[in-house]
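To start, the structure under review is shown below, and the notes come after it.
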Amino acid sequence: MSDTHILDSEWLLNMLQKASSNPQGRMLALFDILHDWSRAPSINSSFSNLAVSQTVHPRLREYMIKQGHELGAHLPQMLADQVCLMAVTAMQQELQYPESAGLLHAKLAAKALIAVQTKKEYQRYIKPKHYVASLAATLMLGAVYLSYSSFSNSNKAVPAALIDPPTLQVKQENVIADPADTAALFAEIERMRHGSCQLIEAIQLPDAYKQVYFDNIVSGQISTNPEEQKTVRELLKMVRCNYTPMLMANSTG
Amino acid sequence: MSVLREKILETATDLFKTRGINSTGVDLIVDVAGTTKMTLYKYFHTKEALIMAVLQKSQQDFQAWLDSKLDSKKSSDKIKHLFDFIEEWINSPTFNGIGFIKASAEFPEENNPIHQLSSEQSNEFRKFISQLAREANIKDANGLALQLSLLFEGAAQAEQMQRGCGAIKYAKEAAKILINGAAKQ
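First to last, the sequence lines map onto chains F and G. So the first sequence is residues 8 to 260, counted in my numbering. So the second sequence is residues 25 to 209, counted in my numbering.
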């Protein structure tokens, strides 16, 4: 049997299945079994190249996802991926530094992760389908190129909020930013309307930044909150604009 | 440092993060940086040397940022705040993965110098966590550091594959359980 296949072997899956009558026990047994296996004669020096993506161990991954579902984990796939990754990394750590007890510590870390993933009060973190859906959405969206100058001519594919460049409005906040900073942001957003700008993909932004992005950069409703303005300035750095007049850009002379 | 060297380093860092190291050729780097291959090879004799320089600079920047954040905390409290700042870093709009984790996955062969550097950086980061644990009087500082670094690397890998997937939030809560458990020993 090749070393790189041990994590996907029938032998390992049988050992996991026999290890416990409950899903948490079967999931955590991975660390004990790998620990025992790493102590077997002739194994120690050859466990390499396993830090490769988890996709090379599809059967183990599938088995662990099933345990995650049985456990009632909020995000079974994420839990399974992290447990497998920790097991592989810890295995390498333990072989390189046997005294580190890498797999024992990885098991403790996995146990803590399972506790959090099965606690009701942490369920608010994320919607269960988000982990799968976000990848699909990212792939489908691909690179989104939007040009402010072409909004009015191609409104079918553009969200309603973007069809008519909105009138700039100032939000009322308790903490007010320096008016000069607010004015500078107004000017920057206004300037973007005269250029051809490649907006960033909102789907890739963390949730905390999405609203700021849509309100301030897409809708032009500049916040007067200094912290929010700081975020807007960071986000603006990611928007690339070309202000060269089209005639000049097309000129070959 | 030469402005051109700096520009090449910055361009390569961005391209490696967004396109991957192996799929970014030297031709693309010089095109985007607005320079020539001759200039690139003047400062970095090989692509491998450039990758190593990018990894070193990325890790220095990450570590310096983390140090500056932790400086505001009491020594004994730093470990409790470590994942707050890691979460802040991962959730920043410009996050595109942790250099040594990506490099380790792209160069899995143990004898590859890039793999060796990324392993070294991973170990250095673990030692840094271990130091924070000692400052908090944790008995098994090395053990806790290993647990937290495994959580961090797993979460960072998940977040770099799917932004905002929530892995870092779960890792942060798991880290709290582990730190509290270690503090009681």
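Just so it is clear, CB atoms sit at the ideal spot from N, CA and C, and this is done for glycine as well.
_Contact between the stretch 182-191 of chain G and the stretch 72-86 of chain F (3+ Cβ pairs under 8 Å)_ = yes
*Assign E17(F) to buried or exposed, taking buried as 16 or more other Cβ atoms, counted over all protein chains shown, within 10 Å of its Cβ.*
Locating residue 17(F) in the first sequence gives position 10, counting from the first residue. Around the beta carbon of E17(F), fewer than 16 other beta carbons lie within 10 angstroms, which makes this residue exposed.
*Neighbourhood of S154(G) by C-beta, 7 Å cutoff - its chain only, sequence neighbours within 5 removed*: To locate residue 154(G), count along the second sequence from 1; it is residue 130. So the list reads A165, N166, A169, once near-sequence residues are dropped.
*Cβ contact (3+ pairs, closer than 8 Å) linking the stretch 95-110 of chain G and the stretch 42-60 of chain G*: no
_Cα-Cα separation, L2(F) to A77(G)_ = The structure shown does not extend to residue 2(F), since chain F is modelled only from 8 to 260, so the question has no answer here.
*In chain G, what lies closer than 7 Å to Q124(F) by C-beta?*
By 1-based counting over the first sequence, the position of residue 124(F) is 117. Result: Y194.
*Determine, using beta carbons only, whether A88(G) and I162(G) come nearer to each other than 8 Å.*
Sequence index remark: in the second sequence, residue 88(G) carries index 64 (1-based). Sequence index remark: in the second sequence, residue 162(G) carries index 138 (1-based). Not in contact: A88(G) and I162(G) (Cβ atoms no closer than 8 Å).
*Inspect the beta-carbon positions of K114(F) and L35(F) and report whether they are closer than 8 Å.*
Numbered from 1 along the first sequence, position 107 holds the residue referred to as residue 114(F). Numbered from 1 along the first sequence, position 28 holds the residue referred to as residue 35(F). Contact flag set, yes.
*Would I75(G) pass as a contact of A57(G) if the rule is Cβ separation under 8 Å?*
Residue 75(G) sits at position 51 when you count from the first residue of the second sequence. Residue 57(G) sits at position 33 when you count from the first residue of the second sequence. No, these two residues do not count as a Cβ contact at 8 Å.
*What is the C-beta distance between L78(F) and P30(F), in whole angstroms, given that I count them as a contact (C-beta under 8 Å)?*
The residue labelled residue 78(F) in the question sits at position 71 within the first sequence. The residue labelled residue 30(F) in the question sits at position 23 within the first sequence. Yes, L78(F) and P30(F) are in contact; Cβ-Cβ is about 5 Å, under 8 Å.
*asked:* Run through chain F and tell me which residues come within less than 9 Å of A191(G), C-beta to C-beta.
replied: For the purposes of this step, residue 191(G) is identified with residue 167 of the second sequence, where counting begins at 1. Those within 9 Å of A191(G) in chain F are L82, M85, D88, Q89, Y138.
*What's the call for E133(G), buried or exposed, on a 16-neighbour Cβ count within 10 Å?*
To locate residue 133(G), count along the second sequence from 1; it is residue 109. It is exposed - the Cβ of E133(G) has fewer than 16 other Cβ atoms within 10 Å.
_Please classify Q145(G) as buried or exposed, where buried requires at least 16 neighbouring CB atoms within 10 angstroms._
Start at 1 with the first residue of the second sequence, and residue 145(G) comes out as number 121. So Q145(G) counts as buried.
*DSSP state of Y104(F) mapped onto helix, strand, coil*: To locate residue 104(F), count along the first sequence from 1; it is residue 97. In this structure, Y104(F) counts as coil in the three-state DSSP scheme.
*Can you give me the start and stop residues for the alpha helix (DSSP H) that H139(G) sits inside?*
The residue given as residue 139(G) occupies position 115 in the second sequence. Element bounds for H139(G): 137-159.
*Give the C-beta separation of Y70(F) and L23(F) to the nearest angstrom, bearing in mind that I take them to be a contact with Cβ-Cβ under 8 Å.*
In the first sequence, residue 70(F) corresponds to position 63, counting from 1. In the first sequence, residue 23(F) corresponds to position 16, counting from 1. Rounded, the Cβ-Cβ distance is 7 Å, consistent with contact.
*From V239(F) to S99(G), what does the alpha carbon distance come to, in whole angstroms?*
Within the first sequence, numbered from 1, the residue matching residue 239(F) stands at position 232. Within the second sequence, numbered from 1, the residue matching residue 99(G) stands at position 75. Distance between the alpha carbons of V239(F) and S99(G) is about 33 Å.
_Rounded to the nearest angstrom, what separates R66(F) and T59(G) at their Cα positions?_
Locating residue 66(F) in the first sequence gives position 59, counting from the first residue. Locating residue 59(G) in the second sequence gives position 35, counting from the first residue. When rounded, the distance between both Cα atoms is 47 Å.
*Comparing alpha-carbon positions, which option in I125(G), F152(G), L156(G), K151(G) lies nearest L141(G)?*
Walking along the second sequence from the start, residue 141(G) turns up at place 117. Considering only alpha carbons, the answer is I125(G).
*State buried or exposed for R46(F), treating a residue as buried only when at least 16 other CB atoms are found within 10 Å of its CB.*
Along the first sequence, one-based indexing puts residue 46(F) at 39. Answer is exposed; the Cβ neighbour count stays below 16.
*Got a sec: is the Cβ-Cβ distance from Q4(F) to anything in chain G below 8 Å?*
Past the edges of chain F, shown from 8 to 260, lies residue 4(F), and the structure says nothing about it.
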